[in-house]
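Residue 1 is where the sequence shown starts when you use the numbering used here, and the numbers rise one by one after that.
No residue lacks a Cβ here, since even glycine has one placed at the ideal position from N, Cα and C.
Taking it in order: structure first as structure tokens, then the write-up.
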Amino acid sequence: MKIAGAVLVLLGFAGLVWGGVPYRQTRNVAQIGDLKMQVTEKKQLALPPLVSGFAILVGTVLWCSARPRPMA
Numbered sequence: 001m002k003i004a005g006a007v008l009v010l011l012g013f014a015g016l017v018w019g020g021v022p023y024r025q026t027r028n029v030a031q032i033g034d035l036k037m038q039v040t041e042k043k044q045l046a047l048p049p050l051v052s053g054f055a056i057l058v059g060t061v062l063w064c065s066a067r068p069r070p071m072a
């Protein structure tokens, strides 16, 4: 649960700082035999500040409430 909490916290902060989560998408435009033409587009998954704040809150709760694993 700690990993899931940390990921939610990071995504929440990324949403607040950049207004969303940036990513790149590559797609094939044309293919003739072995020749491929690809386009890479920069896109952004827009997250409202309320959703980002909720992700930080839930991630912090998950991170802090996770119990340590017992040593074998």
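Membership of LEU45 in the beta strand (DSSP E) is indicated by the continuous run 35-46.
Below 8 Å, enough C-beta pairs join the stretch 5-19 and the stretch 41-55 to call them touching: three or more. In this structure, the alpha-carbon of ILE3 lies about 11 Å from that of THR60.
For PRO49, the uninterrupted alpha helix (DSSP H) run begins and ends at 49-65, by DSSP.
Residue state for GLY20 is assigned as strand, using DSSP reduced to three classes.
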